[in-house]
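J.: Residue 9 is where the sequence shown starts when you use my numbering, and the numbers rise one by one after that. Just so you know, even glycine gets a beta-carbon here, dropped at the ideal spot from N, CA and C. All values reported here derive from a predicted model rather than from experimental measurement.
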Amino acid sequence: MGWLRGDCVGRGSFATVNLAVCSQFTTPTVVKSSDVFSSSSLKNEKQVLDRLGLCPEIIRCFGDDYTTENGEDFYNLFLEYASGGTLFDQLKNHGGRLPESDVRRYIRSIIRGLAYIHDKGFVHCDIKLQNILVLGNGDVKIADFGLAKRTEEKQSMCECRGTPLSMSPESVNDNEYEPPADVWALGCAVVEMVTGKPAWNVKEGSNIFSLMLRIGLGDELPEVPNELSEAGKDFLSKCFVKDPRKRWTAEMLLKHPFVADNTLSSKTSSPRCHFDFPDWVSAGTASVPCSPESVEWSEWKFDSVRWSNCTSPVDRLRQLVTDKKPNWSESDSWCLVSRHQRTV
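Okay, structure coming up:
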């Protein structure tokens with residue numbers, strides 16, 4: 009395939025995203041590239057997207073190839089171009105908060121995509137605003153399947169994956185990454201869109217270990233925004249259920265009035281069934297920066313990671329303890345948490 013690498017539209021520590029110019033592409037396309045030795049997550053993304061097939065709520069893949077540039081070998085993945093950036097970009101462009109009507113519209117599409125992914129036998133494992141792309145017409149699509157896995161696929165207790173601020177209790181406690189974990193992360197995304205803050209209030213300078221303890225231990229749940237409608241609060245109560253067996257599925261959430269009815273009244277509640285639990289009463293914690301554009305945001309924002317070489321869940325957490333304050337100033341950068349870390 010003959011193609012040219014265009015302008016850079018995104019960059020991480022181990023991958024770059026450029027516009028791709030090729031006569032064979034009938035739609036705007038980007039090429040996501042990494043050196044061959046660090047390309048395992050890109051290859052996993054290609055395999056998962058191929059198996060998922062076409063879905064209106066999932067970013068399209070147009071193929072892959074290898075190139076040698078300036079003496080280095082690269083693996084390249086060709087993907088649908090989203091000119092609107094990510095939902096995280098949209099959040100920043102709107103001053104750190106999105107109107108609830110927009111939140112409901114975006115979440116409706118994301119849930120449809122998740123329901124499709126789960127029905128096909130996969131788990132995304134890293135749902136967050138940075139991994140939801142916005143097309144030029146305003147539609148959103150789920151992207152970045154580098155951490156995705158098959159449902160019920162066995163994995164070592166020595167490996168963790170995902171973004172800490174969006175991790176579910178069962179992922180922290182039992183290293184379990186199944187469809188309910190994506191639903192929990194979806195709830196975290198709703199909170200962030202409404203408030204401009206992550207679902208967990210994190211003090212400046214906090215480390216990952218202290219965050220994991222809060223997620224995995226005790227009865228504390230993410231704080232539900234007061235400014236959200238009653239239906240929105242009820243929707244989050246179905247996402248933020250500690251027991252993954254009692255958490256609503258993506259298919260169930262599609263029928264929730266918060267996303268199912270465009271003329272939703274703030275007093276509407278969700279359908280009643282055995283999955284319906286009492287509303288959660290929020291427990292206040294320390295305040296955090298109110299805007300993702302603030303300096304403090306970059307101080308405590310944790311990115312997607314895959315950790316390995318730990319002997320137990322407790323040891324996994326202890327390995328993350330550090331007295332040195334990390335630099336989170338680069339969005340979607342990576343932090344080395346052990347010398348055996350596998351980057352994604």
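(1) With a cut-off of 8 angstroms, do at least 3 Cβ pairs link the stretch 110–126 to the stretch 257–270?
(2) So if DSSP puts C16 in a beta bridge, which residue, or which two residues, is it bridged to?
(3) Which whole-angstrom value is the C-beta distance of K157 and C133, which I expect to be below 8 angstroms?
(4) By how many angstroms is the C-alpha of D43 removed from the C-alpha of H102?
(5) Indicate the three-state DSSP secondary structure (helix, strand or coil) for R68 in the structure shown.
(6) For the stretch 142–160 against the stretch 198–211, are there 3 or more C-beta pairs whose distance is under 8 angstroms?
(7) Does DSSP put K241 in a helix, a strand or coil?
(8) My output table needs one value for F42: the three-state DSSP class, helix, strand or coil.
(9) Is A193 closer than 8 angstroms to L141 when the C-beta atoms are compared?
(10) Mark S245 as exposed unless 16 or more other C-beta atoms lie within 10 angstroms of its C-beta, in which case mark it buried.
(11) Since F248 contacts L229 with CB under 8 angstroms, what's their CB separation in whole angstroms?
(12) Could you check where the beta strand (DSSP E) with Y83 kicks off and where it finishes?
(13) Confirm, please, whether the CB-CB distance from L50 to A28 is below 8 angstroms.
(14) Between D251, E238, K250, which has its C-alpha nearest N264's C-alpha?
(15) Please state the DSSP three-state secondary structure of R158.
(16) Would you kindly work out how many angstroms separate the C-alpha atoms of Y83 and D73, rounded to a whole number?
(17) Following the continuous beta strand (DSSP E) through V202, name the residue where it begins and the one where it ends.
(18) Measuring only the C-alpha atoms, how far is R113 from V198?
(19) So what does I140 bridge to, in DSSP terms?
T.: Taking the definition as stated:
(1) Yes, the stretch 110–126 touches the stretch 257–270.
(2) N26, per the DSSP bridge assignment.
(3) Contact holds; Cβ gap of about 6 angstroms.
(4) Going by the C-alpha atoms only, they are around 35 angstroms apart.
(5) Coil at R68, not helix or strand.
(6) Between the stretch 142–160 and the stretch 198–211, the count of Cβ pairs shorter than 8 angstroms is below three; the stretches do not touch.
(7) The three-state reading of DSSP puts K241 in helix, counting H, G and I together.
(8) Strictly speaking, residue 42 in this sequence is Ser, with Phe absent from that position. Strand.
(9) For the 8 angstroms CB-CB criterion, L141 and A193 do not form a contact.
(10) By the neighbour-count rule (16 or more Cβ atoms within 10 Å), S245 is buried.
(11) About 5 angstroms separates the two Cβ atoms, so the contact holds.
(12) Residues 80–88.
(13) No, these two residues do not count as a Cβ contact at 8 angstroms.
(14) Here residue 264 is His; the residue named in the question, Asn, does not match the sequence. That would be E238, whose Cα lies nearest to the Cα of H264.
(15) R158: strand per DSSP, three-state reduction.
(16) Going by the C-alpha atoms only, they are around 6 angstroms apart.
(17) Taken as a continuous stretch (DSSP letters only), V202 belongs to no beta strand (DSSP E), being part of the alpha helix (DSSP H) at 187–203.
(18) It is roughly 11 angstroms from the alpha-carbon of R113 to the alpha-carbon of V198.
(19) I150.
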